[in-house]
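In UniProt numbering, the protein residues as written are 1 to 348.
A short write-up of the structure that comes next.
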Ligand SMILES: NC(=O)c1ccc[n+]([C@@H]2O[C@H](COP(=O)([O-])OP(=O)(O)OC[C@H]3O[C@@H](n4cnc5c(N)ncnc54)[C@H](O)[C@@H]3O)[C@@H](O)[C@H]2O)c1
Ligand SMILES: [Zn+2]
Ligand SMILES: [Zn+2]
């Protein structure tokens, strides 16, 4: 088969590789019908994730059709349409028993396209298949479902649920990339009074508006703190979310929240950020961090299936699998191309 293979920093090739096969009885082999690229894949290509070694097939998001199951798989059969989640779960360890699948100690967690071959291929081996896939409801399209592999559960769990967004809250989301935009969609489920989106790129702020942000702020030009103060009677936001992954925006998220409020960090950080305890010890803040667990995926599937959540506007560019290298090029130049999520589908 063909797959998108990582060959060290900056090198990725759509090339021939051996077909995957069942290695453990709990494995399934899934034919990839729809797949996308994540910002994390760009971090891998940038050399930021050294555990990813030469020859690894990238990708941790897919919708596909089961072609083969191991003898220990109980709930899937060939022909089933499934979502392949970014997080794999052994289902037995203390974290899986607590639905903290991202922290799985039994060989799961984020492993696809990281520690084992991933989804950017014509077929993928999915370990612990019963616990690591979700059936696609009949009326839900592959592309709507694909957005539930990573960005929606991340934004909902690590942003909205960790941040305890409540009706009438004023929510500030810093960063309007795919994760920040998904956080807007997910926050709207809780009926906040205002969602404020902050970014440096006007194109991303236009997208934020289209996704339902009430106020958009270009923090390169405008005074975010003053705007949030005006909106909140000087108090600060009820919830702030950090969806960039740099020290400055984490510190901004802490500075913009009201006493008693919640700061939900979503961004992946590579550098230390300063926590101004001298300012905040008195403020009764709750600050949360998290890796997505994907425990909310069934909830999100129900919302998409019932028409309460529409993820379709997230996809800006469409390709077939053989155009994978071009898709990477378009996605990695998001500033020029306006790409949010790219969709790749099997050619026929
Ligand atoms: N916690 C998790 O489980 C998890 C899962 C997936 C992704 N992430 C992380 O979430 C973050 C966002 O992901 P993404 O795919 O949307 O990334 P992205 O790079 O596409 O988007 C980041 C956005 O932040 C904006 N930005 C950059 N600097 C800024 C600044 N100083 N102020 C305001 N905005 C600024 C950029 O213009 C861009 O629109 C990343 O750090 C990613 O690694 C976390
Ligand atoms: Zn991802
Ligand atoms: Zn586990």
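Each residue gets a CB set at the ideal place from its N, CA and C atoms; glycine is no exception.
- request: Give a yes or no on contact between the stretch 294-313 and the stretch 12-26, applying the rule of three or more CB pairs nearer than 8 Å.
  value: They do not touch, by the three-pair rule.
query: Alpha carbon to alpha carbon, how far is residue 221 from residue 255?
result: Distance between the alpha carbons of residue 221 and residue 255: 18 Å.
Residue 325 versus residue 344 - alpha carbon distance: Taking C-alpha positions only, residue 325 is separated from residue 344 by approximately 11 Å.
- prompt: Near residue 339, which residues of its chain fall below 7 Å by C-beta distance, leaving aside the five closest residues on each side in sequence?
  reply: Within the same chain, residue 339 has close Cβ partners 316, 317, 330, 331.
field: Local conformation of residue 302 per DSSP, three classes
entry: Helix.
- prompt: What is the residue span of the alpha helix (DSSP H) that residue 145 lies within?
  reply: Unbroken alpha helix (DSSP H) run through residue 145: 142-146.
query: The alpha helix (DSSP H) with residue 247 in it runs from where to where?
result: From DSSP, the alpha helix (DSSP H) with residue 247 extends over 247-256.
- request: Starting from the C-beta of residue 58, find all residues in its chain whose C-beta is less than 6 Å away, skip the five residues before and the five after it, and write them out in chain order.
  value: Residues 4, 6, 41, 113, 118, 120 of the same chain have their beta carbon placed closer than 6 Å to that of residue 58, with the five preceding and five following residues left out of the count.
- request: Could you tell me which uninterrupted alpha helix (DSSP H) segments, each at least 4 residues in length, are contained entirely in the stretch 72-157, listed from first to last along the chain?
  value: Listed in chain order, they are 94-97, 129-132, 142-146.
message: By alpha-carbon positions, which one of 258, 250, 260 ends up nearest to residue 269?
response: Ranked by how close their Cα comes to the Cα of residue 269, the residues 258, 250, 260 have 250 in first place.
query: How many angstroms separate the CA atom of residue 2 from the CA atom of residue 122?
result: Our two residues, residue 2 and residue 122, have alpha carbons roughly 6 Å apart in a direct line.
query: What does a CB cutoff of less than 6 Å around residue 75 pick up in its chain, not counting 5 residues either side in sequence?
result: If we look at residue 75 and ignore the five residues flanking it on each side, its Cβ neighbours are 130.
- request: Output the distance between the C-alpha atoms of residue 46 and residue 83, rounded to the nearest integer angstrom.
  value: Near 27 Å, if we compare the C-alpha coordinates of residue 83 and residue 46.
query: Shortest alpha-carbon distance to residue 306 belongs to which of 182, 137, 188, 101?
result: Taking each of 182, 137, 188, 101 in turn and checking the Cα distance to residue 306, the smallest one comes out for 137.
field: residue 167 - DSSP class collapsed to helix/strand/coil
entry: The answer is coil: DSSP assigns residue 167 none of H, G, I, E or B.
message: Using C-beta distances below 7 Å, list every residue in its chain close to residue 200, excluding the 5 sequence neighbours before and after it, in chain order.
response: Apart from sequence neighbours up to five positions away, the residues of its chain that approach residue 200 with a beta-carbon distance below 7 Å are 218, 219, 220, ordered along the chain.
message: So residue 184 and residue 211 are supposed to be a Cβ contact under 8 Å. How far apart are they, rounded?
response: Yes, they are in contact, since the Cβ atoms of residue 184 and residue 211 sit about 5 Å apart, within 8 Å.
- request: Whole angstroms is fine: what's the gap from residue 248's alpha carbon to residue 69's?
  value: Each residue's alpha carbon lies about 47 Å from the other.
message: Give me the residue from 203, 77, 214 with the minimum Cα distance to residue 187.
response: Ranking 203, 77, 214 by Cα distance to residue 187 puts 214 first.
- prompt: So residue 301 and residue 134 are in contact, right, with Cβ under 8 Å, and what is the actual spacing, rounded?
  reply: That pair is a contact at about 6 Å.
query: If you count every other CB in all the chains shown that lies within 10 Å of the CB of residue 162, and 16 or more means buried, which is it?
result: Within a 10 Å sphere around the beta-carbon of residue 162 sit 16 or more other beta-carbons, which makes this residue buried.
message: For residue 272, which residues in the same chain have their Cβ closer than 8 Å to its Cβ, ignoring the five residues on either side in sequence?
response: The answer, listed in chain order, is 247.
- request: Could you give the DSSP three-state label for residue 209: helix, strand or coil?
  value: Three-state result, residue 209: helix.
- prompt: Around the Cβ of residue 275, are there at least 16 other Cβ atoms within 10 angstroms (buried) or fewer (exposed)?
  reply: Result: exposed.
message: Along the chain, where does the beta strand (DSSP E) containing residue 242 start, and where does it finish?
response: According to the DSSP assignment, residue 242 belongs to the beta strand (DSSP E) that extends over 237-242.
field: Buried versus exposed call for residue 282 [16 or more other C-beta atoms within 10 Å across all chains shown]
entry: Answer is exposed; the Cβ neighbour count stays below 16.
- prompt: Within this structure, are the beta carbons of residue 171 and residue 151 separated by less than 8 Å?
  reply: No, these two residues do not count as a Cβ contact at 8 Å.
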